[in-house]
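Be aware that the sequence shown starts at 10, since it is given in this note's numbering, and climbs by one per residue. Below is one structure, written out as structure tokens; the observations come after it.
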Amino acid sequence: QVQVVESGGGLVQPGGSLRLSCAASGIIFTIYTMGWYRQAPGKQRELVATITRFGRTNYADSVKGRFTISRDNAENTVYLQMNSLKPEDTAVYYCNCYYSPKADYWGQGTQVTVSS
């Protein structure tokens, strides 16, 4: 059974930092592309960052230079370090594990709120 569990969300002031974690089990973690997506109220889910099995990263323009995605294959975990947070970063953040259309798994999401 595949499980994808995010943690680390919360309330932070503008300019602050948060680190999200996503632990995956039930998959061969090392072959998956891992990603973070987010969905703000009234908006569609959007890509934040991805990291391939080879460690190649990709970021949305809105987070480049502020967010960093990384993975620990020994711990089956992917991280999202978020710095210089802005109110517009407020959203539910979802972790995704992707290998193929039939091997595409999502977590339940973790809320990030940036507000003073």
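Cβ atoms here follow ideal geometry from the backbone N, Cα and C, with glycine treated the same way. All values derive from a computational prediction rather than experimental measurement.
Q. In this structure, does DSSP put Phe76 in helix, strand or coil?
A. The answer is strand: DSSP assigns Phe76 an E or B state.
Q | For Gly24, the nearest candidate out of Gln53, Asn85 and Leu94 (CA to CA) | A | Leu94
Q.
Here's the rule I'm using: 16 or more other beta-carbon atoms within 10 Å means buried, otherwise exposed. How should Thr59 be labelled?
A. buried
Q.
Runs of 3 residues minimum, wholly inside the segment 68-124: which ones carry the beta strand (DSSP E) assignment?
A. 76-81, 86-91, 100-109, 112-115 and 119-123
Q) Is the CB-CB distance between Cys104 and Tyr41 below 7 angstroms? A) no
(Q) I believe Val21 touches Tyr114 by the beta-carbon criterion, under 8 angstroms. Please report the beta-carbon distance rounded to the nearest angstrom. (A) In fact, because the Cβ distance is near 27 angstroms, the residues do not count as touching under 8 angstroms.
Q: Can you tell me the Cβ-Cβ gap for Thr119 and Asn82, rounded? I've got them flagged as a contact below 8 angstroms.
A: That pair is no contact at about 22 angstroms.
Q.
Let's see if you can read the secondary structure: which residues bound the beta strand (DSSP E) around Gly19?
A. That run of the beta strand (DSSP E) goes Gly19 to Val21.
Q. Under the rule that 16 or more other beta-carbon atoms within 10 Å means buried, what is Val11, buried or exposed?
A. exposed
Q.
Could you check whether Val123 and Cys31 sit closer than 7 angstroms to each other, using their CB atoms as the reference points?
A. no
(Q) If distances are taken between C-alpha atoms only, which option among Ala100, Ala33, Val72 and Arg54 comes closest to Met43? (A) Ala33
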